[in-house]
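Just so we're aligned: the sequence shown equals residues 7 to 424 in the working numbering.
No residue lacks a Cβ here, since even glycine has one placed at the ideal position from N, Cα and C.
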Amino acid sequence: MKKKRILSILLAIMMVAVLLTGCGNNEKDTTAENKGKDESNVEEVKLAQGVTDNTIKIGTIGPTSGPIAMVGIPMLHGMEAYFNMINEQGGINGRKIELVAKDDEFKADLALQKAEELVEKDKVFAIVGQLGTPGCLGTLDYFQEIGIPCIYQGTGVSAFAQAKGNYFPVQPNYTFEGSLIVKYAVSELNAKSVVLIYGNDDSGKEGMVGIKEYLKEKGKEDLLKEEIAFNLEDVDFSAHIQKAKAQNPDVVIVLGYQKAVPGILLEAKKQGLESQFMTSYINADVTMLDLAKEAANGVLVTAWVPDITDSNNEAAKQYIETFLKYYPDETPNAFGVAGWVAAETFVEGLKRAENNLSWEGFIQAMETFDGWSDGIAKGITYTSDRRNGVEKMYFMKAIYDFNGPRYETVTDFMGLDD
């Protein structure tokens, strides 16, 4: 009889343990601090995977090898510099941030493989600062299905603003940017003829859509004289420039990545095409000037983060000082800023979520951003149906002379309605 009683007690203990442990793949049950509280007032908090009492594990995916590594490495280092700073300060609400980085070589299929590793093997809480249009699009369906928070995509493809839910883009999307570029060409440069040279990929095509939408809305479709596509692997742009030159355009808009744009500018200089060139914020870095040299002189470039060389910009000064602390042999650039912005946007969400670190709780916290401007990026708003990220940009002029490569700000921040 005594043995039966002991067995019954053991079984009861096991059942209670099972009930307390709970189940589920992505989240675990815990309780809020309840010392001195009545049991009826104890709030239950669900922590998602990757969250412990002391750490928050997150993941990122981007090209840190191959031709786009010139973007991927500084962006990763920008994130790491910010998280290192936060961790040295004690973390967020007592939790330090652990970043797991995966190299996708700018390949969509490899990005999906790395995404599955991060979610199912590494058990990360969120995806922060994923870089590259192919990889971001290649993992979109998977991340949406899983529901993991995705903060900052290193691409301006509008699919992520449209996805909403667990997606929080920060960069302006390419459709908006295309419209803004051609608006400036028409209204400020008084362009009567425009030629577009664009990469034959999602970013280039979306920029083209924005250009055409704006011109159609203004009844000025005839201003766009030629649309000239190039492939990402192209290195010879002589035929492209010949077509553009034949139109004698006032403005040439070039939408493409840094590997191609310097080649296009060099060929334009070689053939004597002296139109006003304009290009995307993808190229808003001295890397373009280092490659194109004098051929880039005078090119107008969009930008969405304030000038980091401005001595009055305290947020930018903190970025430069912190980046150099951890990477003293590297030059802080716009790609590093992108990583920094991704990290600080995510951390702001953590601060707002406090201890409510379920995926749902974090997403709800992110949706409280209302023109947030405390970091380097300015004016970020998120609601349940608004995911546009930054909605104002400004223009810079590329300068390459005896004083060295640099950019000069030529406008204030502006939007399509300004």
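Straight-line measurement puts the Cα of A165 at about 36 Å from the Cα of E94. In the DSSP assignment, A404 falls within the beta strand (DSSP E) that extends over 400-407. Boundaries of the beta strand (DSSP E) harbouring T389: 387-389, taken from the DSSP string. Under the rule that a run must span 3 or more residues, the beta strand (DSSP E) segments found entirely inside the segment 75-116 read 102-109. Each residue's CA atom was taken as its position, placing A266 and E360 some 44 Å apart. If only complete runs of 4 or more residues are kept, the segment 310-339 shows the alpha helix (DSSP H) at 320-332, in order along the chain.
Only buried fits V176, as 16 or more other CB atoms lie within 10 angstroms of its CB.
Between I67 and A132, the gap from beta carbon to beta carbon reaches 8 Å or more. Sixteen is the threshold: since fewer than 16 other Cβ atoms of the shown chains lie within 10 Å of the Cβ of S379, the residue is exposed.
In chain order, A322, Y325, I326, P338, A340, V343, I382 place their CB closer than 8 Å to the CB of I314, counting only its own chain and leaving out the 5 sequence neighbours on each side. For Y180, the enclosing alpha helix (DSSP H) begins and ends at 180-193.
For Q55, there is no enclosing alpha helix (DSSP H), since its DSSP letter is neither H nor E.
Three or more beta-carbon pairs separated by less than 8 Å link the segment 50-63 to the segment 91-108, which places the two stretches in contact. DSSP places Y220 in the helix class (H, G or I) of the three-state scheme. Three or more Cβ pairs drawn from the segment 347-366 and the segment 129-148 lie within less than 8 Å of each other, which places the two stretches in contact. When DSSP reads this structure, G138 sits in no beta bridge, so it has no partner.
If you draw a straight line from the Cα of V257 to the Cα of L279, it is about 10 Å long.
Relative to V201, the option among P255, Q370, L118 whose CA is nearest is P255.
Y287 has its alpha-carbon roughly 30 Å from the corresponding atom of G153. A residue is called buried when at least 16 other Cβ atoms come within 10 angstroms of its Cβ; R101 meets this threshold and is buried. Assignment of V307 by DSSP, reduced to helix, strand and coil, places it in the strand class. Taking 8 Å as the cut-off, the Cβ atoms of Y220 and S185 count as close.
When the alpha-carbon of G171 is set against those of R392, Y204, A404, G135, the nearest one is in R392.
Inter-segment contact for the segment 269-285 and the segment 228-247 is present: three or more beta-carbon pairs are separated by less than 8 Å. The beta-carbon distance between T415 and M399, rounded to whole angstroms, is 12 Å. This is too long to meet the 8 Å contact definition. Bridge pairing for W378: I386 [DSSP]. DSSP, read as helix, strand or coil, puts P268 in helix.
In the DSSP assignment, no residue is bridged to P73.
The straight-line gap separating the alpha-carbon atoms of A54 and G262 is approximately 38 Å.
The distance from the Cβ of Y88 to that of E350 is about 6 Å, consistent with a contact at the 8 Å cut-off. Annotation for S317: K323 place their beta carbon closer than 8 Å to its own, counting only its chain and skipping 5 residues before and after.
Within the DSSP secondary-structure output, A167 pairs in no beta bridge. Just so you know, the alpha carbons of F375 and V57 end up roughly 23 Å apart. By the C-beta density criterion, F408 is exposed, having fewer than 16 other C-beta atoms within 10 angstroms. DSSP places K231 within a strand segment (E or B) once states are collapsed to three.
Linking A309 to T387 through their CA atoms gives a straight-line distance of about 18 Å.
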